[in-house]
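Just so we're aligned, residue 54 is where the sequence shown starts under the numbering used here, counting upward by one.
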Amino acid sequence: MSDEFDLVLRGAQIADGTGAPLREGDLAIQAGRIAAIGAVRGRGREEIDARGLLLTPGFVDIHTHYDGQASWDSRLAPSSWHGVTTAVMGNCGVGFAPCRPEDRETLIRLMEGVEDIPGVVLAEGLSWDWESFPEFLDALEDRPHDIDIAAQVPHGALRVYVMGARGADREPARADDIAAMAQLARDAVEAGALGFTTSRTLNHRTSDGKPTPTLTAAEDELAGIAAALGAAGKGVLQFVTDFKDPAGEMAMLRRLVERSGRPLSVSLAQTDTAPDAWRRLLGWIEDAAVAGLPMRAQVAGRPVGLMLGLDATLNPFVGHPAWREIAHLPLPGKLAAWRDPAFRARILSEAPATDNPFMRAVLRNFDKMFLLGDPPDYEQPPERALGALARARNLDPPALAYDLMQEDEGRALLYFPFLNYAQGSLDPSLEMMKSPHSVLGLGDGGAHLGTICDASFTTHMLTHWTRDRRRGDRLPVETVVKWHTQDTAAAVGLHDRGILRPGYRADVNLIDYDALRLKPPRMVHDLPAGGRRLMQEADGYRLAIVSGQITYRDGTPTGALPGRLVRGAQPAPRN
Numbered sequence: 054m055s056d057e058f059d060l061v062l063r064g065a066q067i068a069d070g071t072g073a074p075l076r077e078g079d080l081a082i083q084a085g086r087i088a089a090i091g092a093v094r095g096r097g098r099e100e101i102d103a104r105g106l107l108l109t110p111g112f113v114d115i116h117t118h119y120d121g122q123a124s125w126d127s128r129l130a131p132s133s134w135h136g137v138t139t140a141v142m143g144n145c146g147v148g149f150a151p152c153r154p155e156d157r158e159t160l161i162r163l164m165e166g167v168e169d170i171p172g173v174v175l176a177e178g179l180s181w182d183w184e185s186f187p188e189f190l191d192a193l194e195d196r197p198h199d200i201d202i203a204a205q206v207p208h209g210a211l212r213v214y215v216m217g218a219r220g221a222d223r224e225p226a227r228a229d230d231i232a233a234m235a236q237l238a239r240d241a242v243e244a245g246a247l248g249f250t251t252s253r254t255l256n257h258r259t260s261d262g263k264p265t266p267t268l269t270a271a272e273d274e275l276a277g278i279a280a281a282l283g284a285a286g287k288g289v290l291q292f293v294t295d296f297k298d299p300a301g302e303m304a305m306l307r308r309l310v311e312r313s314g315r316p317l318s319v320s321l322a323q324t325d326t327a328p329d330a331w332r333r334l335l336g337w338i339e340d341a342a343v344a345g346l347p348m349r350a351q352v353a354g355r356p357v358g359l360m361l362g363l364d365a366t367l368n369p370f371v372g373h374p375a376w377r378e379i380a381h382l383p384l385p386g387k388l389a390a391w392r393d394p395a396f397r398a399r400i401l402s403e404a405p406a407t408d409n410p411f412m413r414a415v416l417r418n419f420d421k422m423f424l425l426g427d428p429p430d431y432e433q434p435p436e437r438a439l440g441a442l443a444r445a446r447n448l449d450p451p452a453l454a455y456d457l458m459q460e461d462e463g464r465a466l467l468y469f470p471f472l473n474y475a476q477g478s479l480d481p482s483l484e485m486m487k488s489p490h491s492v493l494g495l496g497d498g499g500a501h502l503g504t505i506c507d508a509s510f511t512t513h514m515l516t517h518w519t520r521d522r523r524r525g526d527r528l529p530v531e532t533v534v535k536w537h538t539q540d541t542a543a544a545v546g547l548h549d550r551g552i553l554r555p556g557y558r559a560d561v562n563l564i565d566y567d568a569l570r571l572k573p574p575r576m577v578h579d580l581p582a583g584g585r586r587l588m589q590e591a592d593g594y595r596l597a598i599v600s601g602q603i604t605y606r607d608g609t610p611t612g613a614l615p616g617r618l619v620r621g622a623q624p625a626p627r628n
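Okay, structure coming up:
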């Protein structure tokens, strides 16, 4: 009897992406699609014993910045190491298309500043064999990847393409500028862009310190672009904003959705300066959704936090003259200096650059700084902050930080959670995630290479929220899986994935749930021009399957690169 299926996984604990309770069963795959689920009678060319293992749909990450990396690298790690099988890029209004040759450096500086991707890496790595956004999609389509990718058209690139220096300098758009941007945005979604993204936050700046081109874009400009997507009947809208005028900004977002009919998500997080403001913002989003408007808050399941260390971009001593003497050295050279008692005495005796607000608020705020640890702990109590530990040991906090930074051969990381941790607990994140009108995102895979490593959000959600959390409520496995699969996929219109059901894409994770474990981030030097980035691995992913092909076995790549560009929204299969 000939084999009926390409692959059959037997006896797994199935979380099918719908939120239904876990159940034991088999899964059969044929021609890149799920062929059967439950008690599968037919045989597969390859049979895998999945007893005792967790079977999930592949995770869909709707907030990444692989716009550059996807053009030169077929492996979109670290996301592909954490169960992600589809990554959506072009977020926050930054990207590389459309772009005229004379504006390439402008967009590189924008990406370098906003997303902490070194300009020299981008300058060497980008092929620039495109100008228009449709040509950019064609270039992405030419390279196979280990996961599927989808792109959105970034407002920053649109503005510079149409307005040139006027756009980069945030001058108001004229009517003809708006019409041109609207047409280009429509062309982009017609060619396969998943949507349009923009940034309205002062936290985003170019590498030379200037605000982004989109910071002060007027409502008529945004409305014109949104209306173009509405006329096409395609595409989502993604916003990040400071909410300096919360009621006014939210009213504007609501009007954009009312006029365009397009789904909109906006980043939402707890801040230290206004720790309860997110509740009012979420309430407005929920009110709009109840009124029938497709609006969602894009939220995260752990703090957005800075990694501080000898080999990272930042640490508590970067404002010291002694640090500047060794900052250029590779890690072994820095560590040798760090272990010198005379150097230690000198740097601890120096006055830090306290005139710098960032230094005061973050890099010298030892009461909100933690040793990340192994395995990393992202929800530590206040008594484990360096300030509290130092006081308990009769030490100065900077001295304790100095000594901890040389642990693990200088690779130890200090952690500063700057969003979603104002009260030293992740309970606010839990409240955000539980809203029926929120969606998980904000992982920023491919960005913040020397300071943040949040592409592991998916693994953290499974380990921390369903199994390891000790400081509050936990969540069912099936709920977390649904949030990262069906819900994220549906939020961007990818209805052909995220559920284990016949006819759906065979994007699948097989996970040893009991052994699932995050490792600490490590700095690696593997980018073009010798660039570095923080990378984070995990134990416990037994198989990653994309379009029916096994791409990773126990975290080791198989060589298969079935990932392709996803052009536009995808309908659910007809069974």
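Cβ atoms here follow ideal geometry from the backbone N, Cα and C, with glycine treated the same way.
Residue i (DSSP reduced to helix, strand or coil)
{"i": "Leu247", "result": "coil"}
{"i": "Gly358", "result": "strand"}
{"i": "Glu100", "result": "strand"}
{"i": "Gln589", "result": "coil"}
{"i": "Leu425", "result": "coil"}
{"i": "Tyr468", "result": "strand"}
{"i": "Gln66", "result": "strand"}
{"i": "Val619", "result": "coil"}
{"i": "Leu290", "result": "strand"}
{"i": "Thr71", "result": "coil"}
{"i": "Pro374", "result": "helix"}
{"i": "Glu403", "result": "coil"}
{"i": "Phe58", "result": "strand"}
{"i": "Gly148", "result": "coil"}
{"i": "His198", "result": "strand"}
{"i": "Ile115", "result": "coil"}
{"i": "Leu367", "result": "strand"}
{"i": "Gly95", "result": "coil"}
{"i": "Leu317", "result": "strand"}
{"i": "Gly498", "result": "strand"}
{"i": "Thr138", "result": "strand"}
{"i": "Gln351", "result": "strand"}
Cβ-Cβ separation, residue j to residue i (assumed contact under 8 Å), whole Å
{"i": "Pro131", "j": "Gln589", "result": "5 Å"}
{"i": "Thr512", "j": "Gly136", "result": "7 Å"}
{"i": "His381", "j": "Pro405", "result": "Incorrect: roughly 20 Å between the Cβ atoms, too far for contact."}
{"i": "Asp261", "j": "Arg157", "result": "Not confirmed; about 15 Å, so no contact."}
Whether residue i touches residue j by CB criterion (8 Å)
{"i": "Val167", "j": "Cys152", "result": "no"}
{"i": "Ala591", "j": "Leu569", "result": "yes"}
{"i": "Ile598", "j": "Ala542", "result": "no"}
{"i": "Ala284", "j": "Leu193", "result": "no"}
{"i": "Val61", "j": "Ala84", "result": "no"}
{"i": "Ile200", "j": "Thr117", "result": "no"}
{"i": "Val545", "j": "Val141", "result": "yes"}
{"i": "Phe149", "j": "Ala246", "result": "no"}
{"i": "Pro347", "j": "Val310", "result": "yes"}
{"i": "Gln291", "j": "Gly354", "result": "no"}
{"i": "Leu495", "j": "Val352", "result": "yes"}
{"i": "Met458", "j": "Ala465", "result": "yes"}
{"i": "Gly121", "j": "Leu179", "result": "yes"}
{"i": "Phe396", "j": "Leu467", "result": "no"}
{"i": "Ala190", "j": "Leu614", "result": "The amino acid at residue 190 is misidentified as Ala; the sequence shows Leu. No; because the gap between Cβ atoms is not below 8 Å, this pair is not in contact."}
{"i": "Ala330", "j": "Pro356", "result": "no"}
{"i": "Val206", "j": "Gly143", "result": "yes"}
{"i": "Leu282", "j": "Leu268", "result": "no"}
{"i": "Pro481", "j": "Asp549", "result": "no"}
Beta-ladder partner(s) of residue i, from DSSP
{"i": "Asn562", "result": "Thr109, Ala597"}
{"i": "Glu77", "result": "Gln66"}
{"i": "Met486", "result": "BP columns for Met486 are empty, so no partner."}
{"i": "Thr609", "result": "Arg606"}
{"i": "Ser252", "result": "Val293"}
{"i": "Leu439", "result": "Paired residues: none, contrary to the question."}
{"i": "Gln459", "result": "Answer is none; Gln459 lacks a bridge partner."}
Closer than 7 Å: residue i CB and nearest the ligand NAD heavy atom
{"i": "Thr532", "result": "The ligand NAD is absent from the structure shown, which contains no ligands of any kind."}
| message | Three or more C-beta pairs under 8 Å: does that hold for the region 112-125 against the region 519-527? | response | no
| Segment contact, 8 Å Cβ cut-off, at least three pairs: the region 381-397 with the region 339-358 | no
| query | Below 8 Å, can you find three or more Cβ-Cβ pairs linking the region 485-503 to the region 601-610? | reply | no
| task | Indicate whether the contact test is met: 3 or more Cβ pairs, each with one atom in the region 530-542 and one in the region 273-283, closer than 8 Å. | result | no
| request: Give a yes or no on contact between the region 313-325 and the region 434-448, applying the rule of three or more CB pairs nearer than 8 Å. | output: no
| message | If contact is defined by three or more beta carbon pairs under 8 Å, each pair taking one atom from either stretch, is the region 496-507 in contact with the region 89-104? | response | no
| So does the region 223-237 actually touch the region 198-214, counting three or more Cβ pairs closer than 8 Å? | yes
| the region 364-372 touching the region 412-424, judged by at least three CB pairs closer than 8 Å | yes
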